[in-house]
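Residue numbers (this note's numbering): 268 to 597.
Quick notes on the structure that follows.
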């Protein structure tokens, strides 16, 4: 199997959007090796590293082709800075591009149970746009998830939310060709969504061009700059909050209110932790990974047998690789 008979689909979304659940349903389509991806039920992403599920399709003549879906760490994670998450996604996208494995598109997952678009949701949607670029937007499918959590009587409300997302919040993406669909929470639904992108012509994302072909620092890419603006805004907000909390703490100490002082100490610690995470994210954005990744790929490809691009990708990035064997036509 050579790289022309392989394809990659990237799975993106904030923490808790249902990416790992989608992957686990996809793996139920056929025999699979390795252990399953854990599904996340907290604000901490269960996908601490990118993970890869390769769907291998074999025809009657024994010829094989494959489509691989990559479960990436989620943004807006309480445990990992966004800059660290972007850096890891960068490692994958840059290595995939350097290996010449066709990128068929992106699935962006969004919980239908979110009854409003928060500021955070809008921020990550803009980040998605800057990662992809207008020229590749037709290879994006916006997927609503968590429908199984809605009671039957709220199905109509869910459909209303999806229409609102399509016509208002996602309009800038759908007008450029992005599709919208509903994930029913079953293996059949997961596979049907993957098949929407599998026949597409491969694309190169704006972010890949900027990192690999132009050799930019992450902070000088459109996506990195978008994330930096969000981080700077959050840093200002929490710096002001920290100063206010410190003043309240000093006042509580002055009047001998120990209970309030303890509460403010806890909140001060939390604010300081957020600010440390922001500084860590900004530091990650200073990296220039393109040249290093290209050199690493060149070394890894020496002595490798032809037709093993996805396997090499998994080996370079230390990604857990699951292989699902399917019969053509299922």
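Just so you know, even glycine gets a beta-carbon here, dropped at the ideal spot from N, CA and C.
Put simply, of 293, 577, 436, 356 the residue whose alpha carbon is nearest the alpha carbon of residue 390 is 436. Positions of the alpha helix (DSSP H) runs, each at least 4 residues long and wholly inside the region 346-397, are given as 349-366 in order along the chain. The C-alpha of residue 324 is placed about 32 Å away from the C-alpha of residue 478. When DSSP states are grouped into helix, strand and coil, residue 338 belongs to the strand group.
One thing to note: residue 461 has its Cβ within 8 Å of the Cβ of residue 334. For residue 481, same chain residues with a beta-carbon under 7 Å away, outside a window of 5 residues either side, do not exist.
Counting along the chain, the unbroken beta strand (DSSP E) around residue 276 starts and ends at 275-279.
The beta carbon of residue 289 is closer than 6 Å to those of 457 in its chain, skipping five residues each way along the sequence. Boundaries of the alpha helix (DSSP H) around residue 579: 576-584.
Just measuring C-alpha positions, the residue of 362, 284, 353, 321 sitting nearest residue 549 is 353. With a minimum length of 3 residues, there is no unbroken run of beta strand (DSSP E) contained wholly in the region 518-562. Take residue 361, set aside five residues on each side of it, and the residues of its chain with a beta-carbon closer than 7 Å to its own are 475, 478, 479, 556, 557, 560, in chain order. Here DSSP, grouped into helix, strand and coil, assigns residue 501 to helix.
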